[in-house]
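As structure tokens, the structure follows; a few thoughts come after it.
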Amino acid sequence: MACLKRLSETGLAPRLRATGEFANQAWALYDHAPGAPWRTNPRRAAEALAMLHALKPGLKLPEGCNGSRDLTCHTEEILSSCTPSARAEIEALRPDGPAIAAGRTCLIHGDPVPGNLLFDGDGVVLIDWQCPAIGDPAEDIAIFLSPAMQHVYRGKALTHDEEQAFLAAYADPEITGRYRALEPWFHWRMAAYCLWRAQNGAPDYAPAYRLEAAALTR
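Shown next, in the form of structure tokens:
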């Protein structure tokens, strides 16, 4: 709720109109967000995330994963819920590069998949603010660029040129460089997540898992 209140005047989130509680459950009323889910033009998606990450919200939110150690712990937690036989392949793909330390943090959306970025002629609105955090901006970049999430939400992964266009438009070499350094851990975690989803009633995540596993062997 606090996050939506803070973002209401930025145009990056639906305008919050009212909040309350009913039967011990919180509710929120906010404006309908016009537009269609993201399909093309990575530049506009990058610019929207860069704008979000530049805000100084002053909000008390959960802390996101930050650095390769956090990503490894999160991945191992996900894998602990998968069957041992299915885990064998992904365990073999564990990144073995030098550890990457925690970096600077900011407000992140936490789930900026193509379906959560709505585009119309006036701009970009991010919806489904279920897991905002104070975290590494590279997290949001990794989720948007993820081959798995692109496949699940729009039917295909980004091309190399589309990915490069996104990173160029984000226009912060420090953060995009950090994304590149952490990329193996991001792919590894997403592969684990897709494996878990595929084993728990979401068969469309099986090909998404393959895309992330392939990214780990490039």
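Numbering follows the UniProt record's numbering, with no gaps: position 79 of the sequence shown is 79. All C-beta atoms in this analysis are idealised placements derived from N, C-alpha and C, irrespective of residue type, glycine included. In this text, all values refer to a predicted model and were calculated from it rather than measured experimentally.
Straight-line spacing of the CA atoms in Arg43 and Ala23 works out to 43 Å.
By the neighbour-count definition (other C-beta atoms within 10 Å, threshold 16), Gly155 is an exposed residue. Your pair Tyr179 and Cys194 does not check out as a contact, with CB atoms roughly 19 Å apart and the cut at 8 Å. Apart from sequence neighbours up to five positions away, the residues of its chain that approach Met51 with a beta-carbon distance below 8 Å are Thr10 and Leu12, ordered along the chain. With fewer than 16 other CB atoms across the displayed protein chains lying within 10 angstroms of its CB, Glu77 is exposed.
In the three-state reduction of the DSSP assignment, Leu61 falls in the coil class, being assigned neither a helical nor a strand state. For Ile134, the secondary structure class from DSSP, reduced to helix, strand or coil, is strand.
The region 54-73 makes no contact with the region 20-37, as fewer than three CB pairs between them are under 8 Å. Judged by beta-carbon spacing, His187 lies within the 7 Å limit of Leu216, meaning their Cβ atoms are closer than that value. In this structure, the straight-line span from the alpha carbon of Pro14 to that of Leu145 is close to 23 Å. Here DSSP, grouped into helix, strand and coil, assigns Arg43 to helix. If you ignore the 5 residues before and after Met190, its C-beta comes within less than 6 Å of the C-beta of Ser146, Ala148 and Glu212, all in its own chain and listed in chain order.
For Thr19, the enclosing beta strand (DSSP E) covers residues Leu16 to Phe22.
Collapsing the DSSP output to three states places Ala54 in coil.
DSSP places Ala36 within a strand segment (E or B) once states are collapsed to three. With contacts defined as CB atoms closer than 7 Å, Gly115 and Pro184 fail to qualify as a contacting pair. Per the DSSP secondary-structure output, Trp27 pairs in a beta bridge with Gly20.
Between His109 and Asp140, the CB-CB gap stays under 7 Å.
Residue range Ser68 to Leu79 is occupied by the alpha helix (DSSP H) that includes Ile78, with no beta strand (DSSP E) assigned at that position. Leu79 is not a Cβ neighbour of Ala208, given a cutoff of 7 Å. The secondary-structure analysis by DSSP pairs Phe119 across a beta bridge with Ala36 and Val124. Closest option to Leu126, judged by alpha-carbon separation, among Arg218, Val152, Gly20 and Gly35: Gly35. Our two residues, Ala169 and Ala46, have alpha carbons roughly 6 Å apart in a direct line.
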